[in-house]
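**Student:**
Numbering (the numbering used here), first residue to last: 79 to 343.
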C-alpha cells in the first residue's frame, strides 16, 4: 500500500470515528431536553476527537501548545453565543447565525496573533464569562419550548461538519503548527449546527435558550482545556486527554446536580 493511500484511508477512518461520536451525542442531546442537551453539547464533542487524533501524530509539546491556543478561543465562543442569542430574538437564522459565526472568525483571527500563556488564557476566559453569563440570563427561558421533530439530514449534517473539522485539523496540523491548529480545533461546530438546524424549526428564541443554557457548561469546557495543557506537559498526551475529558464530565455533572437541587427547592 502506498504512503498516500495509507494516509487517506487512515484519515477517512478518523473522520468516521468522529462522525460516529457526534451522532451518538446528538441522539442523546435531542432526547434530553434543552438544559441537559446544553450540558451534553458543551462536552468536547468536536474538539475531543480532533485532539485525540492529533495526539497520535504529534508529541506532547505540540498538544500542550495547541491547548494553550485553544483556551482563549473558548472566550470567543461564549461571545458568539451571546451575539446569536440577542439577534435571534428578532432576526432570521441567516442574520443571527451569520453574524455570530463572523464574530467568532474575527475574534479567532485576532487571538491567533498572540502567544498566549496559561494565565493570560484563564484571565481572558474569566473576563469573557463574567460579562456574558449575566447578559445571557434573560435568554435562558422561553414561554414554551417547541417539540423538536428530527429531520433526516440533521444528524448526517452534524456528523459531516465534525468529520470535516477533524479532517481539516489533522491534515493541516503539520503545515500550520500548534498555534493555528489549536484555534481551528475549537471552531464551534456544535453551536453552529444547532443554529442552522434548530432555528428554522423551533424559532430563534427557543434556539437561543439552548445556547444560553450552555454558558456554564462552556466555562467547564475551558477549564478542561487548561487541564489538558497542564496534564499533557506532566503526564503525556493519553493521561492529559483523559484528565481533560474527566474535568468536563465532572463539571457538567455538578451543574446537573445543582440544577436538580434548585428545581426541588
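For each residue, glycine too, the CB sits at the ideal point set by N, CA and C. Just so it is clear, the structure is predicted and the values come from calculations on it, not from any experiment.
Indicate the three-state DSSP secondary structure (helix, strand or coil) for residue 207 in the structure shown.
**Tutor:** Against the chain shown, residue 207 aligns to sequence position 129. Reduced to three states, the DSSP call for residue 207 is helix.
**Student:** Taking the alpha helix (DSSP H) that residue 335 falls in, what are its first and last residues?
**Tutor:** Counted from its first residue, the chain shown places residue 335 at position 257. First-last of the alpha helix (DSSP H) with residue 335: 315-342.
**Student:** Can you check which of these residues, 131, 323, 307 and 296, is closest to residue 206 by C-alpha distance?
**Tutor:** Position 128 of the chain shown holds residue 206. Cα-wise, what sits closest to residue 206 is 296.
**Student:** Is the distance from the Cβ of residue 163 to the Cβ of residue 117 below 9 Å?
**Tutor:** Residue numbering aside, residue 163 sits at position 85 when the chain shown is read from its first letter. Residue numbering aside, residue 117 sits at position 39 when the chain shown is read from its first letter. For residue 163 and residue 117, no; Cβs fall outside 9 Å.
**Student:** If you measure between the beta carbons of residue 189 and residue 151, is that distance less than 9 Å?
**Tutor:** Sequence index remark: in the chain shown, residue 189 carries index 111 (1-based). Sequence index remark: in the chain shown, residue 151 carries index 73 (1-based). Yes, they are a contact pair.
**Student:** Going by beta-carbon coordinates alone, are residue 200 and residue 149 separated by less than 9 Å?
**Tutor:** The residue labelled residue 200 in the question sits at position 122 within the chain shown. The residue labelled residue 149 in the question sits at position 71 within the chain shown. Against a cut-off of 9 Å, the Cβ pair of residue 149 and residue 200 comes out as a contact.
**Student:** Quick check on the burial criterion: 16 or more other C-beta atoms within 10 angstroms. Buried or exposed for residue 187?
**Tutor:** Against the chain shown, residue 187 aligns to sequence position 109. Burial call: exposed.
**Student:** According to DSSP, is residue 119 part of a helix, a strand, or is it coil?
**Tutor:** Locating residue 119 in the chain shown gives position 41, where the first residue counts as 1. Note: residue 119 maps to helix in three-state DSSP.
**Student:** Using the three-state DSSP reduction, which class does residue 302 fall into: helix, strand or coil?
**Tutor:** What you label residue 302 is simply residue 224 of the chain shown in a count that begins at 1. Correct three-state label for residue 302: helix.
**Student:** Would a C-beta distance cut-off of 9 Å place residue 290 and residue 159 closer than the cut-off?
**Tutor:** Position 212 of the chain shown, counted from the first residue, corresponds to residue 290. Position 81 of the chain shown, counted from the first residue, corresponds to residue 159. Against a cut-off of 9 Å, the Cβ pair of residue 159 and residue 290 comes out as a contact.
**Student:** Suppose the cutoff is 6 Å on Cβ atoms and the five residues either side in sequence are ignored; what does the same chain contact list for residue 154 look like?
**Tutor:** Position 76 of the chain shown, counted from the start, is the residue given in the question as residue 154. So the list reads 182, 185 and 186, once near-sequence residues are dropped.
**Student:** Please classify residue 339: is it buried, with 16 or more other beta-carbons within 10 angstroms of its beta-carbon, or exposed?
**Tutor:** Taking the chain shown and counting its residues from 1, the one referred to as residue 339 is at position 261. Counting Cβ neighbours within 10 Å, residue 339 comes out exposed, since fewer than 16 surround it.
**Student:** Is residue 131 helix, strand or coil when you go by DSSP?
**Tutor:** On the chain shown, residue 131 is found 53 positions in, with the first residue counted as 1. Residue 131 falls in the helix class under three-state DSSP.
**Student:** Measuring only the C-alpha atoms, how far is residue 89 from residue 133?
**Tutor:** Counting from 1 along the chain shown, the entry for residue 89 is found at position 11. Counting from 1 along the chain shown, the entry for residue 133 is found at position 55. With a pLDDT of 49 at residue 89, under the threshold of 50, the predicted position of this residue should be treated as unreliable, though the coordinate-derived value follows. Answer to the nearest angstrom: the Cα atoms are 14 Å apart.
**Student:** So residue 277 is in the alpha helix (DSSP H); what residue range does that whole segment cover?
**Tutor:** Locating residue 277 in the chain shown gives position 199, counting from the first residue. Start and end: 267-280.
**Student:** Does the stretch 120-133 come close enough to the stretch 321-330 to have 3 or more Cβ pairs within less than 8 Å?
**Tutor:** yes
**Student:** Would you kindly check if the distance between the Cβ of residue 142 and the Cβ of residue 301 is under 9 Å?
**Tutor:** Here residue 301 corresponds to residue number 223 of the chain shown, with the count starting at 1. Here residue 142 corresponds to residue number 64 of the chain shown, with the count starting at 1. Going by C-beta atoms, residue 301 is not nearer than 9 Å to residue 142.
**Student:** For residue 168, count neighbouring Cβ atoms within 10 angstroms of its own Cβ and tell me buried if that reaches 16, exposed if not.
**Tutor:** Sequence index remark: in the chain shown, residue 168 carries index 90 (1-based). Exposed, by the Cβ-count rule.
**Student:** Report the CB separation of residue 144 from residue 259 in whole angstroms; it is logged as a contact under 8 Å.
**Tutor:** The residue you call residue 144 lines up with position 66 of the chain shown. The residue you call residue 259 lines up with position 181 of the chain shown. 5 Å between Cβ atoms; contact.
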